[in-house]
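Worksheet for the structure shown next.
Residue numbers (my numbering): 3 to 159.
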């Protein structure tokens, strides 16, 4: 029998999500300093996703004014891709938050977009060239359209 058994204040326990996260991470090794290569890829993807969302939204808006026979199908496909990108972006934001990484847009200089990231006390500048950004966006769009194709194939069969 514990000293707290008779005390009514301790009958209900409240556990906040932040405390749960801290409790689960207590056994993991403490990361500090520079980000790992996987974390740098996460930072790059964090930069890519807003640009991808803008492009998909613009394409969706442009399709609204187009006179195409399969306009409804194309708009639904764009909406599916938009939803998938939004889900992944949200998951990435949560992952960066859990790793204590913050990314802030800093400046656009000629053809380079600079971001500043803060990673567990380490601060660094991350620059990405517009052409590389476009190439990475095309690659990601290809992945999302392949995912959509697989989804359509699975639903049909």
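Ideal placement from N, C-alpha and C gives every residue a C-beta, glycine not left out.
Complete runs of the alpha helix (DSSP H) confined to the stretch 35-70 [at least 4 residues]:
39-67
Roughly how many whole angstroms lie between the Cα atoms of residue 127 and residue 73?
42 Å
Kindly indicate which three-state DSSP category residue 140 falls into: helix, strand or coil?
helix
Taking only three categories from DSSP, how would you classify residue 100?
helix
Following the continuous beta strand (DSSP E) through residue 129, name the residue where it begins and the one where it ends.
Where residue 129 is concerned, the enclosing beta strand (DSSP E) stretches over 124-131.
Nearest residue (CA-CA) to residue 53, options 76, 136, 149 and 148:
136
Whose C-beta lies closer than 7 Å to the C-beta of residue 58 among residues of the same chain, with five residues either side of it excluded?
80, 83, 84 and 87
Supposed close pair residue 94, residue 47 - CB separation, criterion 8 Å:
6 Å
Residue 107 bridges to which residues according to DSSP?
117
What's the gap between the Cα of residue 69 and the Cα of residue 60?
Each residue's alpha carbon lies about 16 Å from the other.
Assuming contact is defined by CB atoms lying nearer than 7 Å, are residue 146 and residue 91 in contact in what I supplied?
No.
Inter-residue Cα distance where the pair is residue 38 and residue 66:
Just so you know, the alpha carbons of residue 38 and residue 66 end up roughly 43 Å apart.
Where residue 72 sits in the DSSP three-state scheme:
coil
Measuring CB to CB, does residue 130 end up less than 7 Å from residue 115?
yes
Three-state class that DSSP yields for residue 112 in the structure shown:
coil
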